[in-house]
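Trainee: I have a structure here, written as structure tokens, and I will follow up with some questions on it.
2 protein chains.
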Amino acid sequence: MVSIKDIAREAGVSISTVSYALNGSTKVTPETCARILAIAKEMNYVPNAAARNLKKRETRIIGVFLTDFSGDVYGDLLYGIKEILNRKGYDLIVCSGKQAHRMLPERMIDGAIVLDQTFSSEELLQYAERGHKIVVLDRELNHPNVNQVLLDNKAGATLAVEYLLELGHRRFYAVTGPEGSYDSWQRMQAVRQTVERSGTAEFIEIQGNFEKSGGEQAAERVLSEFKATAAVFCLNDEMAVGFYNRMAGTELEIGRDIHVIGFDNIELAHYLQPRLSTIDYSKRKWGAVAAGQLLDILAGQPVEHERIYVTLVKGDSARKVQP
Amino acid sequence: MVSIKDIAREAGVSISTVSYALNGSTKVTPETCARILAIAKEMNYVPNAAARNLKKRETRIIGVFLTDFSGDVYGDLLYGIKEILNRKGYDLIVCSGKQAHRMLPERMIDGAIVLDQTFSSEELLQYAERGHKIVVLDRELNHPNVNQVLLDNKAGATLAVEYLLELGHRRFYAVTGPEGSYDSWQRMQAVRQTVERSGTAEFIEIQGNFEKSGGEQAAERVLSEFKATAAVFCLNDEMAVGFYNRMAGTELEIGRDIHVIGFDNIELAHYLQPRLSTIDYSKRKWGAVAAGQLLDILAGQPVEHERIYVTLVKGDSARKVQP
DNA sequence: CTGTTAGCGCGTTCAG
DNA sequence: CTGAACGCGCTAACAG
């Protein structure tokens, strides 16, 4: 591996001159600089990141921690993050799993963006306490070195419930996954509140655990209890997909007997028949804001927690109640 | 940041003793070792990756390069890679975009797995030439430091065409995306060959460019030319989805007038009505094999190029031709 | 056998 | 433009 030493020898100058030349410092005459650069290129010189990181005490790499690498949300989110980071000369790596956490304390990355419930808040706080900068997308965490960029789950859930009320629905189910993510939990709270506040809704049913891949138990229950038109608010679109699947073989029809609304507006939602009504938000913007906030913290600028706005997308899965 | 120096001072020993203790060397008495470890833990000591990397000349991190972070294929693929790497004490980072290429020559990673057509073969060969180890999943590239793990596209395409012939189809379209990936190209070749070899097929039509998001032009063309039952082989499922969308508003029906078969068996395919017939393969295994091969190269073991087997999944989108 | 000293690896940076 | 120190952990060689 060719190092600045080799270049220095070749060019007949000291290593520091080479370093200055490579970094575009004015401390070297343009001629020498050009000569050194030419030699460096000819020798296929590439700096060793470890050495640079060691001295500079920064890597200009940001780590994004995800629960897994699948899922529709991540694509746009990461795109948004990358866009902002690259613009500021930072790079992005995506990590998953407990092992990879070491990247932060070991200083392989300058900061972290976390969307991973399996990354415990205690651990995050430890890192924050040591001076590492973190942006969380999936929890509330107060620390000078931690910033939150959260979805406005409350607004979304409220929007959905009010829409259903407007359509004349008075019998509600709220369906959540078994994982119990922060987002789901927050949405559930908002649903409950909104329905209770309306006063007019006949009753609300909260559903506990349920797996998309397993039998779609929530659907099972709604079916077994079916008497009259019911509205089902799936707290994320994945649940809604599971619901659709279960409904497919029955006599009940979505948008007529059972009205469904989701959350997230995943791509798959567009292909469901009838088209799913859901809550939309810009995943890309979410990522962009998170990245921006993190860079600001790193630069020592004060930041405030942010919230990502959501909107209602009307499909055909929830319609007016026919008397 | 606490370093081994701090621990050494605290423990009243030299830094090398600390280093030995931390690395479990027998050169330190168990008592001293235990004491040092306790102090290290108490001081929240975490080694600096840059320093370690600099000395060891390895990071035990593998980089996976993808065109983007979306796409259904990646989830399982990365899972397969991670599983194998973690087992061997390696970590995985996912990168995208030209900027991130530097990770390899700068030695932030010990090796690369590439599934990114925008990463040019020339560049890859340069890195290989410098001694970097690479596994490619999306091209043929011959170099001692490069290994290929490719899908058996030929077998898949042949399987699909033979199935369609068996169902009585004699009029073929093969639809590919505009990007012209290696996989698509290979599949297309195989389709052409198989159809030509059969001799009985009336004719084959190769379609050039087409975007899922734009108007689905390929579908447009098939529609405008529609006379009798036609078979459409979408060279990846995304195209098939676009095709379904375009068909939705017409009088023609998939599985009756137009018969469709895809490639990749993405999750979305399960939700299409009628269910898409497609070519399946284990994305997880693909990743696992790639990771295994890379580790083998890194260990200096000789490896041979590998191929991932594919199978036909029969749905309802391609049926027997009714006379 | 235990533990120490000394120097390496590579780029950055300050005093000269 | 240069010499030398520095960052931090690893390890060979050496002294106790």
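As they're listed, the protein sequences go chains A and B. In terms of the UniProt record's numbering, the first sequence is residues 1 to 323. In terms of the UniProt record's numbering, the second sequence is residues 1 to 323. Backbone N, C-alpha and C fix where the C-beta goes; we use that ideal spot for every residue, glycine too. Computed from a predicted model, the values in this text were never measured in an experiment.
1. On the three-state DSSP scale, how would you describe S14/B?
2. The beta strand (DSSP E) spanning G63/B covers which residue range?
3. Mind checking if A160/B is an interface residue toward chain A, Cβ cutoff 8 Å exclusive?
4. Taking the alpha helix (DSSP H) that Q193/A belongs to, which residues open and close that run?
5. Report the residue from R35/B, R170/B, N236/B whose alpha carbon sits nearest the alpha carbon of Y182/B.
6. What is the DSSP secondary structure of H169/A, counted as helix, strand or coil?
7. Which whole-angstrom value is the C-beta distance of G131/A and L104/A, which I expect to be below 8 Å?
8. Could you tell me whether the Cβ atoms of V289/A and I266/A are closer together than 8 Å?
9. Which stretch, first to last residue, makes up the beta strand (DSSP E) that contains K285/A?
10. Is the Cβ of R15/A closer than 8 Å to any Cβ of chain B?
11. Of all the options Y79/A, M247/A, S121/A, which has the alpha carbon lying nearest to the alpha carbon of residue 332/B?
12. Can you name the residues of chain A whose CB is closer than 7 Å to the CB of E106/B?
13. Looking at N153/B and A128/B, is the spacing between their C-beta atoms short of 8 Å?
14. Counting contacts by CB-CB distance shorter than 8 Å, is V241/B in contact with chain A?
15. Please confirm whether A228/B and R171/B have their CB atoms less than 8 Å apart.
16. Given a threshold of 16 other Cβ atoms within 10 Å of its Cβ, counted over all protein chains shown, does E107/B qualify as buried or as exposed?
17. Alpha carbon to alpha carbon, how far is L141/A from A8/A?
18. Span of the alpha helix (DSSP H) holding G111/A?
19. Any idea if I24/A is buried or exposed, counting beta-carbon neighbours within 10 angstroms, 16 or more meaning buried?
20. With DSSP as the reference, label A100/A as helix, strand or coil.
21. Expressed to the nearest angstrom, what Euclidean distance is found between the alpha-carbon atoms of S16/A and P47/B?
22. Run down chain B in chain order and give the residues with a C-beta less than 7 Å from the C-beta of Y74/A.
23. Run through DSSP, which three-state label would N245/B get?
24. Taking only the alpha-carbon atoms, compute the straight-line gap between N86/A and Q99/B and give it to the nearest angstrom.
25. If you measure between the beta carbons of L268/B and Y271/A, is that distance less than 8 Å?
26. For R275/B, which residues of its own chain have a beta-carbon under 6 Å away from its beta-carbon, when the five flanking residues on both sides are left out?
27. Closer than 8 Å is the cut-off here; do at least three beta carbon pairs connect the segment 293-302 of chain B with the segment 144-164 of chain B?
28. For chain A, check one thing: does any of its Cβ atoms lie closer than 8 Å to the Cβ of D91/B?
29. Closest Cβ-Cβ distance between Y79/B and chain A: below 8 Å?
30. Count the other CB atoms, across all protein chains shown, that sit within 10 Å of the CB of E238/A; report buried if there are 16 or more and exposed otherwise.
31. For the ligand PLP, is there any heavy atom lying closer than 7 Å to the beta carbon of L167/A?
32. Could you have a look at Q148/A and say whether DSSP puts it in helix, strand or coil?
33. For my contact list, V310/A and A174/A are in at a C-beta cut-off of 8 Å; report their separation, rounded to the angstrom.
34. Tell me whether the segment 89-97 of chain A and the segment 27-44 of chain A touch, counting them as touching only if at least three CB pairs, one residue from each stretch, are closer than 8 Å.
35. Look up K212/A in the DSSP assignment and say whether it is helix, strand or coil.
36. Mapping DSSP to helix, strand and coil, what is S277/A?
Mentor: Quick look at the numbers:
1. coil
2. 61-66
3. Among the residues facing chain A, A160/B is not included, as its CB has no counterpart in that chain under 8 Å away.
4. First-last of the alpha helix (DSSP H) with Q193/A: 182-198.
5. N236/B
6. coil
7. At roughly 11 Å, the Cβ-Cβ gap does not stay under 8 Å, so G131/A and L104/A are not in contact.
8. no
9. No beta strand (DSSP E) holds K285/A; the alpha helix (DSSP H) holding it covers 283-298.
10. In the sequence on display, residue 15/A carries Ile and not Arg. Closer than 8 Å: no.
11. Outside the displayed span of chain B (1 to 323) sits residue 332/B, for which this structure offers no information.
12. V46, P47, N48, A49
13. no
14. Residue-level contact check: V241/B touches chain A, since one or more beta carbons of chain A fall below 8 Å from its beta carbon.
15. yes
16. Before going on, a small fix: residue 107/B reads as Arg here, not Glu. The residue in question, R107/B, is buried, as its Cβ has 16 or more Cβ neighbours within 10 Å.
17. 50 Å
18. Unbroken run through G111/A is the beta strand (DSSP E), 111-115; no alpha helix (DSSP H).
19. The identity of residue 24/A in the sequence shown is Gly, whereas the question assumes Ile. Under this definition G24/A is an exposed residue.
20. Look at A100/A here: in three-state DSSP terms it is helix.
21. 28 Å
22. F69
23. helix
24. 8 Å
25. yes
26. Counting only residues of its own chain and dropping the five nearest sequence neighbours on each side, R275/B has a CB closer than 6 Å to the CB of G315, D316.
27. yes
28. yes
29. yes
30. buried
31. For the ligand PLP, the structure offers nothing, since it holds no ligand at all.
32. strand
33. Incorrect: roughly 17 Å between the Cβ atoms, too far for contact.
34. no
35. Its pLDDT being 44, under 50, K212/A is placed unreliably by the model, and nothing is read from it.
36. Strand at S277/A.
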